[in-house]
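Chemist: Residue numbers (my numbering), protein chains in the order written: chain Z, 1 to 118; chain X, 1 to 110. Don't be surprised by glycine CBs; every beta carbon is placed ideally from N, CA and C. It should be emphasised that the depicted structure is a prediction, and the values quoted were computed from it without experimental measurement. Here it is, the structure, as structure tokens.
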Amino acid sequence: QVQLQESGPGLVKPSETLSLTCNVSGGSISSYYWSWIRQPPGKGLEWIAYIYYSGRINYNPSLKSRVTVSVDTSKNQFSLKLNSVTAADTAVYYCARDHYGEGDFDSWGQGTLVTVSS
Amino acid sequence: QSVLTQPPSASGTPGQRVTISCSGSSSNIGSETVNWFQHLPGTAPKLLIYSNNQRPSGVPDRFSGSKSGTSASLAISGLQSEDEADYYCAAWDDSLNGPVFGGGTKVTVL
Numbered sequence: 001q002v003q004l005q006e007s008g009p010g011l012v013k014p015s016e017t018l019s020l021t022c023n024v025s026g027g028s029i030s031s032y033y034w035s036w037i038r039q040p041p042g043k044g045l046e047w048i049a050y051i052y053y054s055g056r057i058n059y060n061p062s063l064k065s066r067v068t069v070s071v072d073t074s075k076n077q078f079s080l081k082l083n084s085v086t087a088a089d090t091a092v093y094y095c096a097r098d099h100y101g102e103g104d105f106d107s108w109g110q111g112t113l114v115t116v117s118s
Numbered sequence: 001q002s003v004l005t006q007p008p009s010a011s012g013t014p015g016q017r018v019t020i021s022c023s024g025s026s027s028n029i030g031s032e033t034v035n036w037f038q039h040l041p042g043t044a045p046k047l048l049i050y051s052n053n054q055r056p057s058g059v060p061d062r063f064s065g066s067k068s069g070t071s072a073s074l075a076i077s078g079l080q081s082e083d084e085a086d087y088y089c090a091a092w093d094d095s096l097n098g099p100v101f102g103g104g105t106k107v108t109v110l
């Protein structure tokens with residue numbers, strides 16, 4: 001059973017860069033699509049980006065100018081960087097595995113709350 | 001504003017059948033399969049239905065999904081207290097080349 005775990009700072013200052021890592025255990029990252037998804041307080045889920053283990057990437061156009069994702073197959077983990085953050089980026093951030101690359105996220109991390117505040 | 005449209009809430013008494021709708025467009029539900037997730041506060045979302053009507057191993061057959069045109073629905077039959085949660089639909093969007101979600105439906109067991 002694959003398990004995902006997000007890690008990173010829970011508090012980021014406005015205009016700085018939010019950095020998160022998702023560690024994948026119990027299975028290889030060298031397959032499937034891997035995504036970042038967030039949920040602002042009181043709101044619904046928003047897809048941020050996906051990365052395929054080979055390096056193929058796609059970003060949500062609404063965030064594309066500020067987002068970078070990468071994968072490290074040697075460490076079985078993938079990462080998210082979101083720059084120039086504002087209070088609107090405060091959210092629970094999830095990493096997830098997309099089994100067939102069709103939005104069928106069959107494994108999720110527990111989520112990590114990132115608050116943007118000075 | 002979510003790309004897929006869901007009612008914000010639904011409710012029923014134990015044993016009843018509850019249905020949640022999800023409306024999209026030709027670039028997502030109309031041309032791609034629909035997935036449903038159950039989300040309990042403070043926990044990771046759980047895949048409930050994939051490919052319109054397929055249940056992952058371990059998901060009770062009380063949960064069923066269907067799709068017609070640009071709309072989909074999730075039905076919960078024999079509603080139980082543990083079904084009280086938020087439910088989200090999702091589908092791949094060809095224009096976005098990524099998944100889109102509904103705004104979520106909070107199911108309350110009365």
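#1: Going residue by residue through the segment 58-85 of chain X, where are the continuous beta strand (DSSP E) segments of at least 3 residues, counting only ones entirely within it?
#2: Compute the Euclidean distance between the alpha carbons of Z:Pro9 and X:Gly15, then round it to the nearest angstrom.
#3: Considering only C-alpha positions, which residue in the set Z:Thr17, Z:Cys22 and Z:Ser84 is nearest to Z:Ala96?
#4: Measure from the C-beta of X:Thr33 to each C-beta in chain Z and report whether the shortest distance is under 8 Å.
#5: Count the other C-beta atoms from every protein chain shown that fall within 10 angstroms of the C-beta of Z:Lys75, then say buried if there are 16 or more, exposed otherwise.
#6: Please confirm whether Z:Gln3 has its beta-carbon closer than 8 Å to some beta-carbon of chain X.
#7: Rounded to the nearest angstrom, what separates Z:Gly103 and X:Pro99 at their Cα positions?
#8: Rounded to the nearest angstrom, how far is the Cβ of X:Ile20 from that of X:Ser73, given a contact under 8 Å?
#9: State yes or no: is the beta carbon of Z:Asp106 nearer than 8 Å to at least one beta carbon in chain X?
#10: Please list, in chain order, the chain Z residues whose beta carbon lies closer than 9 Å to that of X:Phe101.
#11: Rank Z:Phe105, Z:Ile48, Z:Gly109 and Z:Tyr53 by C-alpha distance to the C-alpha of Z:Asn60 and give the top, closest one.
Modeler: Looking at the atomic coordinates:
#1: 63-68 and 71-76
#2: 44 Å
#3: Z:Cys22
#4: yes
#5: exposed
#6: no
#7: When rounded, the distance between both Cα atoms is 5 Å.
#8: Contact check for X:Ile20 and X:Ser73: beta-carbon distance about 6 Å, within the 8 Å limit, so the pair qualifies.
#9: yes
#10: Ile37, Gly44, Leu45, Glu46, Trp47 and Gly103
#11: Z:Ile48
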